[in-house]
Structure formats: structure tokens, C-alpha cells
């Protein structure tokens, strides 16, 4: 895996600050004001540097030939949506877009990408393969789209949340994100009903057991963050559809990198969606 070139256009870092970074990946000409706004807020909350990375595919000579000054101007206009006290780091990667974004993820605590109404193959590949959390933010999203008291929404598929692995990492991320915002977590754990013919009483017992399994797993992790309220719900049926419905009233949706769930939710959630590896 190679990236043809990576240029730092500007860097205004305070050397006394810890070397933490939130990176916004600009990978098409449409820009990503929603992603920049969300990333700027995250960088502020975590005292991290904000970097804007422009990814230029080698097979697009029209874009590749544009002067870097033009791209700087585009990125500065995007920042009008997210005023900052410090100038961001501006970078440019020339080469395969997905590989360039994955490289950026390795150097960042969080990679933020813009997304439109359609499922972007670039965003989906990066979200499922990145070694660090990836946030996909609707292009038109703005911080005032949801109330400040709205919860962080966490979706967990599968029958056996075991308190470790993917489920635990996604839950820990959601708890930290909620604590920074002063809100709670709404955990939605999927449960698919049994096939036709299963007795109702048995199905109900297994469903109640499912609720208890989720509650036990959550309790083990939330002891680290006792100040964050956690609400648990176990809807019967399509977890993705329930998350999309609830996303209109959430600060963000957090998911583990489960491909079918991420692919379904990615183009449909109302606000930012964060995939936590």
C-alpha cells in the first residue's frame, strides 16, 4: 500500500499541546461542511489538532492539476461552518483515495468523512477497514440539528454481547462521547425472533434472557463511567431500521464494524455515524 505523496500545506501547532489529531478527509469536489463542523467540535472537546486532508486520485488529472492554493481556499471556505481559534493543519495526499484515508486514520484518533444520500463505496470501505474510529457526517449536518440533551445512540447486533471485543469497544467509545457532551447513552441491542413454529412462551423467555444478557454486559462496562446514564432497549426485528428511526433524535450513532449493519445505516442515519473498530 502506497500513497504517492503527502504534503503538509500549513501547520500551526502549539508544541506544548499533546500530539492528538482529528482528521477530516476531503475526497470529492462536493466538500464536506458538515464533517468539518463536527470534526472541529470533536477536536475542541479533546484538545486535539484539527487536520484537513485533501485526497486526490491519480486517475483524475483535472483535480490533480488544480493549484494547491485553490484547494486551500476551498478548505478555508469549509471552515466558515466551524470557526476555530487555531488554523487547521492542511494536507494533500495524491494516490488511491481509500489507501490515503486509511493511512490518515492510522495517524489520527478520529477520521471524519462527509457523506451524501447514497452509499459511498469509499466511505464504507474506510469505515470497515480503518484501525481507528471513523465518523461519517451528512454533508448538510449542523450542530443545532438536534437538541444538546439528545443521547448518543449505540447499536449492537447479535445475540451474545459478552462484555468484550467489538461490543465493549463500541460501548466504551459511546460512553466517553456521551460524558464529553454531558448526555446519556441509548443502547439498542438487536434481537431477531425465532422462526415460525416456536412456542410463544419459549420465545418470550429467550427474549427476556436477551435483555438480561445485554444489561449484565452494560453494567460491567458502565461501572467505569457511573456518571453517564445508560438506557437499554431490545427491539424485536430489524435493528438497522430502529437505529435509523432513532437517529433523528441522537447526537451521534455508534456502531461496531459489522458490515451489513454499517452498510444499511450509513446512507440513512440523520446525523453523524461513528464506526468503532
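Numbering (UniProt numbering), first residue to last: 1 to 277.
Glycine included, every Cβ here is placed at the ideal spot set by N, Cα and C.
Since we're looking at a predicted model, the values are computed, not measured.
Every alpha helix (DSSP H) of 4 residues or more that sits fully in the stretch 125 to 181 is shown, in chain order, as 165 to 181. For residue 242, the enclosing alpha helix (DSSP H) has its first and last residue at 239 to 247.
Distance from the CA atom of residue 95 to the CA atom of residue 125, rounded to whole angstroms, is 16 angstroms. Between residue 254 and residue 174, the C-beta gap is smaller than 7 angstroms, which places the two residues in contact. By the Cβ criterion, the stretch 123 to 137 is not in contact with the stretch 223 to 243, since fewer than three pairs of Cβ atoms, one from each stretch, lie closer than 8 angstroms.
In this chain, the beta strand (DSSP E) harbouring residue 188 covers 185 to 189. Rounded to whole angstroms, residue 56 and residue 237 show a C-alpha spacing of 42 angstroms. Rounded to whole angstroms, residue 259 and residue 226 show a C-alpha spacing of 31 angstroms.
Contact annotation: the stretch 168 to 188 does not touch the stretch 263 to 273, with fewer than three C-beta pairs closer than 8 angstroms. The Cβ-Cβ distance between residue 271 and residue 141 falls below 7 angstroms. Distance from the CA atom of residue 139 to the CA atom of residue 116, rounded to whole angstroms, is 6 angstroms.
Residue 246 sits close to residue 153, with the two beta carbons spaced by under 7 angstroms. Under DSSP, residue 51 shares a beta bridge with 23 and 89. In this chain, the beta strand (DSSP E) harbouring residue 252 covers 252 to 255. Rounded to whole angstroms, residue 109 and residue 147 show a C-alpha spacing of 26 angstroms.
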